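Encoded as structure tokens, the structure appears first; notes follow it.
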Ligand code: PHE
């Protein structure tokens, strides 16, 4: 028996040395300690051992089992450590690798032009105000002297929500709101940039576009103030050489009304495809606030005068950043927007 035990022990030591992985270790356990395992069967032989030797036999078996278990646990711990080390190696982060390039966004030309215009007017003492895009007929039209049935309403291609509500067709709706909110306080010196909507869609018109409205009300405001302000605006935005001309025009809420052209910044006024050979480009609409509008807004036209102007932000952006098609501004094509990266 002693001989047999010795042989098994030697064999075990060798086998444990040869085991290469957890799978083989588990196989070894089955081979020795499984139901039909070598140790199990050896231990079962106790029934044939003479009574006086049973105790001794039992002790030897326990010793053998303990030795096996010890070796098993040691090998298991070794494989577990190897597994963890291999996993750690696999997961190592190489901090010297170059990182993925982060795609930075760029300022949208629409926001960019708004910021430029805001900066310009804020530097002249104006406030920037906001107005609702979902407007009512009263503020977009009635308080601006477009009585119901006024032919100029047709020119606006309005998106009506219902009989009362509409998408504002012009930021001029801010005029009536500002006057109502100020209740004869003066001076008023504000601009209101924002989105506007009309049923229009081609290379130079989009159903959604942007406008900026300007409104000044005070005592003794004259057409000369309007002229001077818009001349500064045009020169600061488009360059000091820009020439400005005023043409008579019509808007229901201003009188007299005018349209303002600037000398073509592409050809300098000689005539080119951009200015269609005229040397001039239309920039904005403007005029002195109509007495009816002042009155409806709560300002006594005998005491107060004012001027207003409005221009398309998309148009300004197209001129300023050389954009050939208005639809590019709303397409959000990343290749287009990328060209407006912060670096100039
Ligand atoms: N709201 C006018 C338009 O959309 C422009 C304008 C604004 C004209 C203010 C005069 C004064 O055409």
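Numbering (this note's numbering), first residue to last: 3 to 346.
For glycine and all other residues, C-beta sits at the position ideal for the given N, C-alpha and C.
Bear in mind the structure is a predicted one, so any value in this text is a computation, not a measurement.
Start and end of the beta strand (DSSP E) containing residue i?
| i | result |
| --- | --- |
| residue 288 | 282-291 |
| residue 246 | 246-253 |
| residue 260 | 256-265 |
| residue 327 | Element bounds for residue 327: n/a, residue is neither H nor E. |
| residue 311 | 307-314 |
| residue 138 | 136-138 |
Can residue i and residue j be called in contact, C-beta distance under 8 angstroms?
| i | j | result |
| --- | --- | --- |
| residue 7 | residue 66 | yes |
| residue 136 | residue 162 | no |
| residue 262 | residue 286 | yes |
| residue 192 | residue 232 | no |
| residue 115 | residue 318 | yes |
| residue 228 | residue 288 | yes |
| residue 245 | residue 271 | yes |
| residue 178 | residue 340 | no |
| residue 118 | residue 195 | no |
| residue 145 | residue 299 | yes |
| residue 308 | residue 223 | yes |
Name the one or two DSSP bridge partners that residue i has.
| i | result |
| --- | --- |
| residue 194 | 215 |
| residue 156 | BP columns for residue 156 are empty, so no partner. |
| residue 169 | 136 |
| residue 105 | Its beta-bridge partners do not exist; DSSP assigns none. |
| residue 162 | 168 |
| residue 199 | 210 |
| residue 129 | 192 |
| residue 220 | 307 |
Can you tell me where the alpha helix (DSSP H) holding residue i begins and where it ends?
| i | result |
| --- | --- |
| residue 7 | 4-20 |
| residue 27 | 24-35 |
| residue 179 | 175-184 |
| residue 111 | 111-124 |
| residue 40 | 40-46 |
Taking DSSP as the reference, what is the three-state secondary structure of residue i?
| i | result |
| --- | --- |
| residue 240 | helix |
| residue 76 | helix |
| residue 144 | helix |
| residue 338 | helix |
| residue 302 | coil |
| residue 84 | helix |
| residue 207 | strand |
| residue 343 | coil |
| residue 93 | coil |
| residue 268 | coil |
| residue 150 | coil |
| residue 226 | helix |
| residue 60 | helix |
| residue 67 | helix |
| residue 99 | coil |
| residue 51 | coil |
| residue 232 | helix |
Find the nearest neighbour of residue i within the set the options, judged by alpha-carbon distance.
| i | options | result |
| --- | --- | --- |
| residue 243 | 214, 267, 195, 222 | 267 |
| residue 70 | 15, 85, 21, 80 | 15 |
| residue 74 | 43, 34, 57 | 34 |
| residue 313 | 173, 18, 169, 249 | 173 |
| residue 131 | 150, 184, 114 | 184 |
| residue 197 | 182, 181, 214 | 214 |
| residue 4 | 30, 338, 21, 59 | 59 |
| residue 348 | 326, 11, 144 | Because the chain here runs from 3 to 346, residue 348 falls outside it and cannot be looked at. |
| residue 155 | 236, 12, 252 | 252 |
| residue 139 | 190, 97, 89, 158 | 158 |
| residue 190 | 207, 127, 151 | 127 |
| residue 11 | 72, 97, 160 | 72 |
| residue 321 | 241, 83, 306 | 241 |
| residue 329 | 52, 142, 62, 209 | 209 |
| residue 303 | 234, 311, 281, 220 | 220 |
| residue 284 | 124, 293, 250, 255 | 250 |
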